[in-house]
Every structure is written in structure tokens, then in C-alpha cells.
Amino acid sequence: MTDITSFQFQSVDKNVSKMDVARLRLIWAIALFSLGFMVLIGRTLELGLADPVGAVRKTVATKSGRTVIAPVQMARADIVDRNGEILATNLETSSLAVDATMIKDPKGLARKLAEIIPDVPLATFEKRLSSGKKFVWLKRKLSPAQKWKVNALGEVGLKFEREEERIYPHGRLAAHVLGYVDVDGNGLAGLEHYFDDEMKAGSSQVDIGDRTLRTSLDIRVQFALADELSAAMRAHSAVGGAGLVMDVKSGEVIAMVSLPDYDPNDIRGISKEALFNRATKGVYELGSTFKTFTFAAALDEGVVTLNDGYDATKPLRISRFLIQDDHPKARYLSVPEIFTYSSNIGTAQMALDLGTERQQEFLNNIGLLQPAPIEITEVGAPMYPTNWRKVSTMTISYGHGIAVSPLQLATGISAMVNGGRLIPATLIHQTDGVREGKQVIKPSTSRQIRQLLRMVVKKGTGSKASAIGYRVGGKTGTAEKAAAGGYNEKLLISSFVGAFPMDDPQYVVFALLDEPKGIKETHGFRGGGWTAAPVVKNVILRASPILGIAPKEEDEGLYRQIAMKIHDDKKR
Amino acid sequence: MRKGLVILASFIAVAAGVAVLLLKLAVHEKEQELKALHVQIKRDQEAIRVLEAEWAYKTSPSKLQDKSLRFLALMPPKPDQIILTPAVVPLRPTGEEVDSNVDVLLPERIRKKIEEATKGKSRHKSSREGKAL
Chain A
1 MTDITSFQFQ SVDKNVSKMD VARLRLIWAI ALFSLGFMVL IGRTLELGLA
51 DPVGAVRKTV ATKSGRTVIA PVQMARADIV DRNGEILATN LETSSLAVDA
101 TMIKDPKGLA RKLAEIIPDV PLATFEKRLS SGKKFVWLKR KLSPAQKWKV
151 NALGEVGLKF EREEERIYPH GRLAAHVLGY VDVDGNGLAG LEHYFDDEMK
201 AGSSQVDIGD RTLRTSLDIR VQFALADELS AAMRAHSAVG GAGLVMDVKS
251 GEVIAMVSLP DYDPNDIRGI SKEALFNRAT KGVYELGSTF KTFTFAAALD
301 EGVVTLNDGY DATKPLRISR FLIQDDHPKA RYLSVPEIFT YSSNIGTAQM
351 ALDLGTERQQ EFLNNIGLLQ PAPIEITEVG APMYPTNWRK VSTMTISYGH
401 GIAVSPLQLA TGISAMVNGG RLIPATLIHQ TDGVREGKQV IKPSTSRQIR
451 QLLRMVVKKG TGSKASAIGY RVGGKTGTAE KAAAGGYNEK LLISSFVGAF
501 PMDDPQYVVF ALLDEPKGIK ETHGFRGGGW TAAPVVKNVI LRASPILGIA
551 PKEEDEGLYR QIAMKIHDDK KR
Chain B
1 MRKGLVILAS FIAVAAGVAV LLLKLAVHEK EQELKALHVQ IKRDQEAIRV
51 LEAEWAYKTS PSKLQDKSLR FLALMPPKPD QIILTPAVVP LRPTGEEVDS
101 NVDVLLPERI RKKIEEATKG KSRHKSSREG KAL
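Okay, structure coming up:
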């Protein structure tokens, strides 16, 4: 009995404790659930009260509360000119491929495709369509109209693949600066090649800002230069031409032209001649334009002053060379006259007084003995004698026996007129507009060179470059082309380098014609003063309003002193 | 009392559940909208790129020159036709100047409006009152 009661007691006891346990568990469960709900409530409140912008910021990039969508990522960055005009851009396009296993009537389809895409031969289509392969390209980069027509065929085996195509909206304009890309979008020339890695998407290389490459070119000036140069090239039946417009204060290349040129949109079957960049890769003996450097060196070193002069009555004979003048005056010439009338005899004597070493050092200083540093890969190395003898000194003084690229010459001339600072040329837009440069001549020498250059246009060989109102100064250059064992006097390189406005030079304009022929309008002359100088003049007339240079009446007082030292024989 | 509490609690729970579900659906819908907008913006950006390239192609200097020669009787300006500031134009009419640029004059009808508004306050200069140099 006791056993039973005790059992009962025990069981009751057990029951009670079971209830307690259950209740306890229930309380725990409720507590946990409540806690969970509290967390949820708390989180809901937090989300409800939180700053919506901040919450969104984590998922989408925003800017001051507005959602910003990343711009369309193309495989290559755009290239624009200094004003933001598009020079090269990537556009989406479609390429046509085929799964040849799904084609039932290859011949019939090939005929239809050949009608739509005429630049691929019928046989190619037939071969590819009946190849039995799973994937064969039929035509890369279709035009939208072609895509539409191919789609209308309704053939299931044909596939379109999304691709990007590089477009150069301005065609031939600035082709040599921009370069071109291959079918897979790899840069092969010009800026496209030099900045290939930077332009490709996802590159962590040098930042080219906003995924566009802003060049220093001004497409309007580029066109003015290209148009004038090609007109002169046609008129004189020249085989080639080169031209440059450069900002003397920042070294920015505003325009760079090389003729013949090519269309970078379609690079198939282009001759090497057209691809060759005469403005940077071509090196030429540029003739008398080099006298500017000889004069600058001699004046800067104090070897001569503008009051001195040299005897130019008869040609100089040195070893087997005969140095004579193209525009002989056959008299004693003052230093300004030697420059204005482009006397080789006078310049050669001046170079002798300057000395070989100082001449070499000076030319080295202004970067004429090294390849020009510029952002394209087609850069020609200058050619000069390894053994710089006395006769080399004399011929180099007037630009023979040394070959440099037009870009190097323009950079050097910029330094001569901008106050004596050598600023390396660049194709990249400089936001501040002025760059520091190495001082290569004294500002006072630069002033004298400006006066001399102005005199050449006012009174000397460069009168055809006189763009009224724009105070142009410059120097003509006419050189015979080097041929096997000497010079071919029938073939010329005629050039003109001009700077304007001469009272405060802003731009250097250079024009070169390769093998120009004399015509009736130039009385058969084909030198720089007759062929290249008018190009420079026309370019200045067209480009000045664009570049913001206003025509102005000239301050004659600037040149009075130097003008008195130049005697015009015809006037007497 | 206790029963009421349970009913109330379950009612709140169901209501809250429904509200959260509706909220979720609404958010989902907004997200879809946003996604669609993104797609639309991308497509527009693509279109803008194409249009910009086309604009550059059609306004290329060589094409503009060609059109200008064909349709306009305009020649390049001569240096003596270019002046530094409009102020030196002979017999230039005077008038109300634009605040931001003194070289720009307001057109006649706007000038008249201003004149009417300021009538009586001050006599306005006649626009034909030429200024000879």
C-alpha cells in the first residue's frame, strides 16, 4: 500500500515536474520568439527610419541622392579633339557567323547572301556554308541595312554576334595622328597604338580621364591645313606633303597633316606610301629654315650682332664643295640681309665663326639630334654626319647634311620665337595652356630672331606668306633631294616655317612639299617661297579666326631699326 | 479576455504578414521598374553614342565646306572684315544691353517691353540714335 501510495506520490511528483518542464520550455520558446520578433521589429523600424539614400548607396552608385548609371562601357576609349569633337569612337555592330551543320541548301543561301553582301565573293560563301563546321565567320561587321536583310532571310543557321567597330567620323582627316585598329580592335598606328593599353577597357594603366583621350588637335584647323596642303600638292604635282600647326607656348600640336593620307575606317590595301607619316617619321634635309638655328646660336653666343655682316660677293669653295646662293646679291651683306635674302655664303661663314662644337651643342640642346618625343610610335630618328667636319658645319648651317622631321623643326622654331623655351611637342590636350620648358636661348635673342623672321616675310624670300593683318614671320627652305652619291637638283623639298603674330607669337605653321613642280602661276619656280609659303599664308588666314587671333595694324616701330639694315637693290 | 488577446494577436500577425507581403511585392515591382529604366537608359546611351558619331560625321569640316560652297554664297572673311569688338561698328544702334555681355543688344520687342515697364520713370534713348565714329 505504502508502495502504491509512494508510487502515486512519485508519479504525481513526476507529473508536476513534467508540467513545470513543459511550461519552462514554453516560456523559453516564447522568450526566443519574442526576441526574434523584437529583432525583426527593430530592424523594420531601423529600415523605415533610415536615410533611404544611404541604404541605396550600398547597391547602386549615387551622387547627391540621384542614382547614377555607369556609362556604356565600350572596349576602347573614345578619342576627341581639344573641343570635344569625336575623332574616334566605338559603335556596336553585328558580325555574321553560321552553324554550317544546320544549313540545308548552301548554294541557294550563298547566292542570297552574296546579293546582300557584295564585297564577299560567292565562292567564299559557298565554301563556308558547306564546310560542315559548327561555327564559321561569314562576314565581320555588317551594316545595319545588311543585318536587316540577312535577318529577313529567316535562316536559323545564321547567327549574329555582337561586336564593336571603331569608327573615325572624320575619315582621312588626322588619320596619321589617330592611327588605326585591326579587326579585333588592337591599335596598330598613331595614338591608337601608343595608348593601346590605356584605351582598352578594364585597364588599370595611366588614367586617361573619363575614358576619353582628349588630344591637342583642333579638327577645324586640321582641315584647313589638310585642305590647303592638298590643294598645293595637286597644283604643283608634288609626290607628298607635310604640315604642322603648333602652339608655341604649350607645345600642343593643333594640326598635323601628312599627304598622301588614308581612311582609317578601311585600311585594306593601303599603300605603304599613304601610311607613312611624313610629319614625324619622315626626315628631310630642310634647307634654309635651318639658318634660323645658326643665327640664333651665333647671336646668343655673341659671335655676331645684327650690326655685323659678311662678304657674299662670290661662292665659297671648301674642299670639293662649292657653296653658292640661290638668290645671289654678290655684295657685302649685313646679318639681317643674309637672313632675309637667305644667303648660304654668309651663313656658312657665320657657322665657321660659331665653331663646330658650339653648333653641335646648340642643335643637340634644341632636340634636333634625337628623335622627337611625341605620343605616337612613328617617329623618325634624325640623320647627321657621325664625323662632323668643317664642311659639315658649313652645310648644316643652311640645312644640308642634316635631316630632321618636320615635327622637330617646328618644335625648334617654337623655342626660337616663344622667348627661348624649348617645350617638347605633345598631342595631348594641356588644360593650363602653358608648359615649362628648358631655356635654350636668351629672351633677347628670341626677340631678335622674331624681328629677323618678320623681315623675311616683309622684305625677303617669304613675301608670299604675308597674311595681311596677322604679322606673319617665317623662313623659306628649299633643299635638293639627296640621291645616290650627291644631290639631285631636279627634285626639291620645298618648305616654309611661319610663326604668327610676330609681336607675341602664338602658333607656328609649317608646310612642306615633296618634289613640287614649277607651274605658270609661280613662273616655273618651285622653291619654298613660291610653293609652301602660300600654303602657310592661307592656313593662317583660315585658322586665325578659329584660334582667336585678331588681325591688327602692325607696330612698325618694332622693326624700324632692323629694316634700315636691309637694302633692297631693286629700289635703288 | 485571454481568448480575445489570442484573436487580436493572431489578427495582428496575419495583418502584419499580409502587409509585409504587399510591401515585398511593391518593392519587387519598383525594382523591376528600376531595372527597366536602367535598360532603357543604357539603350538610350547607346543611341546617343551612335547619334554623336553621326553628328561628327555629318558636321565634319570637309562636308560643311562642301555644303557651304553648294548652298551658301559665303566666302572666307578677309582680315579687314574682322573686328575685335562690336563697339567699333560705325553707326551701331544703341539700346538695352544684355547684363552678361555688354556687346549684345536686346532685340527690339524686349526693349519695348522694358520701355513700357519703365515708362514715366526715365526717358529712354532711341535705338536709332546712331553713334558715329
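Protein sequences, first through last, are from chains A and B.
If you use UniProt numbering, the first sequence closes out at 572, no skipped numbers anywhere.
If you use UniProt numbering, the second sequence closes out at 133, no skipped numbers anywhere.
For each residue, glycine too, the CB sits at the ideal point set by N, CA and C.
Query                                                                                                                                                                                                                  : Result
Quick check on F223 of chain A - is its C-beta less than 8 Å from some C-beta in chain B?                                                                                                                              : yes
Between the region 462-480 of chain A and the region 255-267 of chain A, do at least 3 Cβ pairs fall closer than 8 Å?                                                                                                  : no
Which residues in the same chain as V434 of chain A place their Cβ atom closer than 8 Å to its Cβ, once the five residues preceding and following it in sequence are excluded?                                         : K249, S250
So which of A:D105, A:K104, A:L91 has the shortest CA-CA distance to R162 of chain A?                                                                                                                                  : A:L91
Where in the UniProt domain "Penicillin-binding protein dimerisation" (75-183) of chain A do unbroken runs of the alpha helix (DSSP H), each at least 4 residues long, occur, reported from the N-terminal end onward? : 106-116, 122-129, 144-153, 175-178
Does the region 308-316 of chain A come into contact with the region 424-440 of chain A, if we say contact requires no fewer than three beta-carbon pairs (one atom in each stretch) closer than 8 Å?                  : no
Within the 8 Å Cβ cut-off, does P86 of chain B reach chain A?                                                                                                                                                          : no
How about the region 478-489 of chain A and the region 223-231 of chain A: do they share at least three Cβ pairs that are nearer than 8 Å?                                                                             : no
Against chain A, does E29 of chain B count as a neighbour if the rule is that its beta carbon must be under 8 Å from one of theirs?                                                                                    : no
At a Cβ threshold of 8 Å, is V6 of chain B touching chain A?                                                                                                                                                           : no
Determine whether the beta carbon atoms of E126 of chain A and A110 of chain A lie at a separation below 8 Å.                                                                                                          : yes
In three-state terms, what does DSSP make of Y310 of chain A?                                                                                                                                                          : strand
Apart from the five residues on each side of it in sequence, which residues of its chain come closer than 7 Å, Cβ to Cβ, to K63 of chain A?                                                                            : Since pLDDT at K63 of chain A reaches only 48, below the 50 mark, its modelled position is unreliable, and no value is offered.
Contact criterion: CB-CB distance below 8 Å. Does A53 of chain B meet it with respect to chain A?                                                                                                                      : yes
Would you mind sorting Q408 of chain A into buried or exposed? The rule is 16 or more other CB atoms within 10 Å of its CB.                                                                                            : buried
Where do the ends of the alpha helix (DSSP H) carrying F510 of chain A lie?                                                                                                                                            : From DSSP, F510 of chain A is part of no alpha helix (DSSP H) but of the beta strand (DSSP E) over 507-514.
Roughly how many whole angstroms lie between the Cα atoms of R421 of chain A and T124 of chain A?                                                                                                                      : 60 Å
What residue from A:I566, A:K438, A:I117 has the CA that sits closest to R454 of chain A's CA?                                                                                                                         : A:I566
Could you say which of A:N538, A:L158, A:A175 lies nearest to D263 of chain A if we only look at CA atoms?                                                                                                             : A:A175
Please report the Cβ distance between L427 of chain A and S216 of chain A, rounded to the nearest whole angstrom; I am assuming they are in contact, meaning their Cβ atoms lie under 8 Å.                             : 6 Å
Could you list which residues in chain B have their beta carbon closer than 9 Å to that of Y507 of chain A, in chain order?                                                                                            : Ordered by position in chain B, no residue passes the 9 Å Cβ test against Y507 of chain A, which lies about 16 Å from the chain.
I need the straight-line Cα distance from A330 of chain A to G474 of chain A, nearest angstrom please.                                                                                                                 : 24 Å
Chain A beta carbons: is any one of them nearer than 8 Å to that of I12 of chain B?                                                                                                                                    : no
As a quick exercise: from A:S94, A:E192, A:T289, A:L354, pick the residue whose alpha carbon is nearest that of S495 of chain A.                                                                                       : A:T289
Give the DSSP-derived three-state secondary structure of Q205 of chain A in the structure shown.                                                                                                                       : Because Q205 of chain A carries a pLDDT of 43, less than 50, the predicted location of this residue cannot be relied on, and the following value inherits that uncertainty. Correct three-state label for Q205 of chain A: coil.
In whole angstroms, what separates the C-alpha of L322 of chain A from that of I493 of chain A?                                                                                                                        : 20 Å
Applying the criterion that 16 or more other CB atoms from any shown protein chain within 10 Å of the CB defines a buried residue, is F293 of chain A buried or exposed?                                               : buried
Under a three-way DSSP split, which group does A238 of chain A fall into?                                                                                                                                              : coil
Taking the continuous alpha helix (DSSP H) assigned at T294 of chain A, which residues delimit it?                                                                                                                     : 291-301
List the endpoints of the continuous alpha helix (DSSP H) containing L407 of chain A.                                                                                                                                  : 406-417
Given that a residue counts as buried once 16 or more other Cβ atoms are within 10 Å of its Cβ, and exposed if not, what is S392 of chain A?                                                                           : buried
Any Cβ of chain A within less than 8 Å of the Cβ of D80 of chain B?                                                                                                                                                    : yes
Can you list, in chain order, the residues of the region 77-94 of chain A whose Cβ is nearer than 7 Å to any Cβ on chain C?                                                                                            : The chain inventory of the structure shown lacks chain C, comprising the protein chains A and B.
Return helix, strand or coil for E378 of chain A, following the three-state DSSP convention.                                                                                                                           : coil
For chain B, check one thing: does any of its Cβ atoms lie closer than 8 Å to the Cβ of residue 576 of chain A?                                                                                                        : Residue 576 of chain A is absent from the structure shown; chain A starts at 1 and stops at 572.
For D300 of chain A, I'd like the list of residues in its chain whose CB is within less than 7 Å of its CB, leaving aside the five on either flank, ordered along the chain.                                           : I441, K442, T445
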